[in-house]
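Chemist: Chain order of the listed sequences is A and B.
Note that the numbering used here has the first sequence beginning at 34, numbered continuously upward.
Note that the numbering used here has the second sequence beginning at 34, numbered continuously upward.
Virtual Cβ for every residue (Gly too), placed ideally from N, Cα, C.
Since we're looking at a predicted model, the values are computed, not measured.
The structure follows.
Protein chains: 2
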Amino acid sequence: MKLKGFIHCFVFAFFGLLQQSVQGRPLLMSAPRPWRDDTATFARWLVSQSSWGVLSTISGEWGGAPFGNVMSFSDGLPDEGRGIPYFYLTTLDPTARNALEDQRASFTLSEYNLGSCGKEDPEDPSCAKITIVGKLHQLEGNPDEDEFARTALFTKHPAMKWWPKGHDFQIFKLDVENIFLINWYGGAKPITAEQYLNADMSEIASVTR
Amino acid sequence: MKLKGFIHCFVFAFFGLLQQSVQGRPLLMSAPRPWRDDTATFARWLVSQSSWGVLSTISGEWGGAPFGNVMSFSDGLPDEGRGIPYFYLTTLDPTARNALEDQRASFTLSEYNLGSCGKEDPEDPSCAKITIVGKLHQLEGNPDEDEFARTALFTKHPAMKWWPKGHDFQIFKLDVENIFLINWYGGAKPITAEQYLNADMSEIASVTR
């Protein structure tokens with residue numbers, strides 16, 4: 034127990050130090066960066082630690098162009114994410130309108146936002162990036178998932194609770210079909226949606242709790 | 034002249050203070066944030082100050098899905114941007130392959146990356162975001178523009194000079210057709226590509242030089 038306590042103390046101190054600024058960018062992550070070859074765990078970590086990204090849909094209004102839009106999201110309570118991105122969208126914004134016409138979508142995140150890329154260029158492969166390709170649709174008919182998603186969103190983005198009622202924001206979900214992950218040199222890592230959704234997150238959890 | 038000197042001194046001191054961290058996020062901008070109702074100038078400022086974003090193309094490999102990808106870019110030397118995003122792409126990456134098949138694309142940036150959104154949620158309309166919709170294609174047959182774009186990219190992203198020659202990186206350009214800008218409450222601001230490309234940047238330039 035003493036050794037375990039010492040290790041926990043060391044780990045917390047280490048990540049406390051990591052929270053300091055690197056190249057002027059603050060580290061925003063709450064759980065340690067997994068080893069890059071633990072591909073599925075790494076992908077889930079990147080999604081879980083992030084709070085926003087770019088959600089791309091097909092724009093009927095602009096000739097079928099791929100339309101990226103900055104969106105806040107959540108995949109669960111902090112460090113308890115399930116890997117599925119949930120959004121709080123209104124049809125006053127083109128993204129929700131697009132998805133209701135054509136569900137094809139992708140959601141793109143950069144590790145650069147977490148502050149853990151150091152001085153590397155955001156496009157350098159050592160600065161991880163992920164794109165989740167799938168179908169974007171309104172969440173309906175599942176009260177348990179609705180409750181999970183609502184708590185996930187409102188915990189990570191408290192301001193959402195106060196977004197105007199009159200704008201009729203609804204919870205949307207991106208069903209995960211394909212994963213494009215780069216977290217080192219050598220091209221995208223092969224990873225299936227099933228591997229991603231069933232990734233072992235226990236190693237990370239044991240450090241952060 | 035004394036008054037002008039005093040004003041310049043005050044402006045520099047003010048923006049020097051602004052360079053301090055807001056909510057732990059460092060301010061990365063080198064020119065002052067324009068007034069939000071100077072829409073075209075504001076849009077150009079946001080693009081010029083940014084160094085990366087998400088470039089979305091149509092993925093033939095994934096059923097025509099809109100595919101967002103994290104990309105570094107430049108629209109010119111620091112504070113001398115022309116508003117046209119240039120990229121350095123290789124067909125080893127899906128984005129360049131997609132564009133060679135279908136030029137429809139968009140490029141999305143968030144002010145959140147500049148550190149000037151304070152404590153606001155990244156999706157709050159007071160934290161500006163822009164999407165440039167247009168056609169993405171390889172830059173060919175224009176030595177002057179090629180030289181401009183190459184200098185723009187390599188100055189903002191010095192690492193690009195050392196990217197592997199064997200990957201055959203080429204300069205791509207996003208022709209600006211439509212602009213989606215949100216920088217305050219009330220929905221997207223009406224702004225044409227022509228207004229954007231011809232925006233008056235003199236006020237910003239006079240402060241930063």
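Considering Cα atoms alone, identify which of B:A226, B:P111, B:G93, B:T90 is closest to B:K189.
Modeler: The residue given as residue 189 of chain B occupies position 156 in the second sequence. Cα-wise, what sits closest to B:K189 is B:P111.
Chemist: Could you give the distance in angstroms between the alpha-carbon of B:V80 and the alpha-carbon of B:I215?
Modeler: In the second sequence, counting from the first residue as 1, residue 80 of chain B sits at position 47. In the second sequence, counting from the first residue as 1, residue 215 of chain B sits at position 182. If I take the Cα positions, the gap works out to 13 Å.
Chemist: Comparing alpha-carbon positions, which option in B:S89, B:G116, B:D126 lies nearest A:Y218?
Modeler: Position 185 of the first sequence, counted from the first residue, corresponds to residue 218 of chain A. With distances taken between Cα atoms, A:Y218 lies closest to B:D126.
Chemist: By how many angstroms is the C-alpha of B:V166 removed from the C-alpha of A:G116?
Modeler: Translated into positions along the first sequence, residue 116 of chain A becomes position 83. Translated into positions along the second sequence, residue 166 of chain B becomes position 133. Distance between the alpha carbons of A:G116 and B:V166: 29 Å.
Chemist: Based on the DSSP secondary-structure assignment, which residues constitute the bridge partners of A:K194?
Modeler: Position 161 of the first sequence holds residue 194 of chain A. DSSP, once it has assigned bridges, lists no residue as partnering A:K194.
Chemist: Could one say the Cβ of A:I66 lies closer than 7 Å to chain B's Cβ atoms, at least one of them?
Modeler: Position 33 of the first sequence, counted from the start, is the residue given in the question as residue 66 of chain A. The identity of residue 66 of chain A in the sequence shown is Arg, whereas the question assumes Ile. With 7 Å as the cut-off, A:R66 does not count as an interface residue toward chain B.
Chemist: Might you give, ordered along the chain, the residues of its own chain that have their beta carbon closer than 6 Å to the beta carbon of A:A232, omitting 5 neighbours on each side?
Modeler: Here residue 232 of chain A refers to the residue found at position 199 when the first sequence is read from its first residue. Counting only Cβ-Cβ distances below 6 Å, and skipping sequence neighbours, we find A73, T74, R77.
Chemist: Return no unless some Cβ of chain A is closer than 7 Å to the Cβ of B:V103.
Modeler: As a working mapping, residue 103 of chain B is identified with position 70 in the second sequence. Yes - at least one Cβ of chain A is within 7 Å of the one on B:V103.
Chemist: Is A:L88 near A:F140, with beta carbons less than 7 Å apart?
Modeler: Taking the first sequence and counting its residues from 1, one reaches residue 88 of chain A at position 55. Taking the first sequence and counting its residues from 1, one reaches residue 140 of chain A at position 107. Yes.
Chemist: Three or more beta-carbon pairs under 8 Å between the stretch 169-181 of chain B and the stretch 132-146 of chain A, yes or no?
Modeler: Too few Cβ pairs lie closer than 8 Å, so no.
Chemist: Cutting at 8 Å between CB atoms, please list the residues of its own chain near A:L172, excluding the five before and the five after it.
Modeler: If you number the first sequence from 1, residue 172 of chain A lands on position 139. Around A:L172: Y119, E178, D179, A182, Q203, I204, F205, K206.
Chemist: Is the distance from the Cβ of B:T164 to the Cβ of A:G93 below 7 Å?
Modeler: For the purposes of this step, residue 164 of chain B is identified with residue 131 of the second sequence, where counting begins at 1. For the purposes of this step, residue 93 of chain A is identified with residue 60 of the first sequence, where counting begins at 1. No; because the gap between Cβ atoms is not below 7 Å, this pair is not in contact.
Chemist: What residue range is occupied by the uninterrupted beta strand (DSSP E) comprising B:E210?
Modeler: As a position in the second sequence, residue 210 of chain B is number 177, starting the count at 1. From DSSP, the beta strand (DSSP E) with B:E210 extends over 203-215.
Chemist: Roughly how many angstroms lie between the CA atoms of A:A161 and A:D154, to the nearest whole one?
Modeler: As a working note, residue 161 of chain A is residue 128 in the first sequence. As a working note, residue 154 of chain A is residue 121 in the first sequence. Near 11 Å, if we compare the C-alpha coordinates of A:D154 and A:A161.
Chemist: From the beta carbon of A:R130, is the nearest beta carbon of chain B less than 7 Å away?
Modeler: Position 97 of the first sequence, counted from the start, is the residue given in the question as residue 130 of chain A. Not an interface residue.
Chemist: Helix or strand or just coil, what does DSSP make of B:Q136?
Modeler: Locating residue 136 of chain B in the second sequence gives position 103, where the first residue counts as 1. It is coil, neither helix nor strand.
Chemist: Have a look at B:H170, B:S159, B:K168, B:W196 and flag the residue whose alpha-carbon is nearest the alpha-carbon of B:K222.
Modeler: Numbered from its first residue, the second sequence carries residue 222 of chain B at position 189. For B:K222, the nearest C-alpha among the options comes from B:S159.
Chemist: What does the Cβ neighbour count give for B:E144, buried or exposed, with the cut at 16 atoms within 10 Å?
Modeler: Stepping through the second sequence from its first residue, residue 144 of chain B is reached at position 111. Result: buried.
Chemist: Compare the Cα-Cα distances from A:E236 to each of A:A226, A:H170, A:E113, A:S84 and report the closest residue.
Modeler: Taking the first sequence and counting its residues from 1, one reaches residue 236 of chain A at position 203. In terms of CA proximity to A:E236, A:E113 leads the group A:A226, A:H170, A:E113, A:S84.
Chemist: For B:E156, count neighbouring C-beta atoms within 10 Å of its own C-beta (all shown protein chains included) and say buried if the count is 16 or more, exposed if not.
Modeler: Stepping through the second sequence from its first residue, residue 156 of chain B is reached at position 123. With 16 or more Cβ atoms within 10 Å of its Cβ, B:E156 is classed as buried.
Chemist: Does A:E156 come within less than 7 Å of chain B when only Cβ atoms are used?
Modeler: Position 123 of the first sequence, counted from the start, is the residue given in the question as residue 156 of chain A. By this cut-off, A:E156 is an interface position.
Chemist: Which runs of the beta strand (DSSP E) fall wholly inside the stretch 54-99 of chain B and span at least 3 residues, in chain order?
Modeler: 85-92
Chemist: Kindly give me the distance between the Cβ atoms of B:G86 and B:L142, rounded to whole angstroms, as I take these residues to be in contact under 8 Å.
Modeler: By one-based count along the second sequence, residue 86 of chain B stands at place 53. By one-based count along the second sequence, residue 142 of chain B stands at place 109. B:G86 to B:L142, Cβ: 4 Å. Contact.
Chemist: Closer than 6 Å by C-beta to A:T124: which residues in its own chain qualify, once you throw out the five before and the five after it? Chain order, please.
Modeler: Counting from one through the first sequence, the residue named residue 124 of chain A turns up at place 91. Closer than 6 Å at the Cβ level, and outside the excluded window around A:T124, lie R130.
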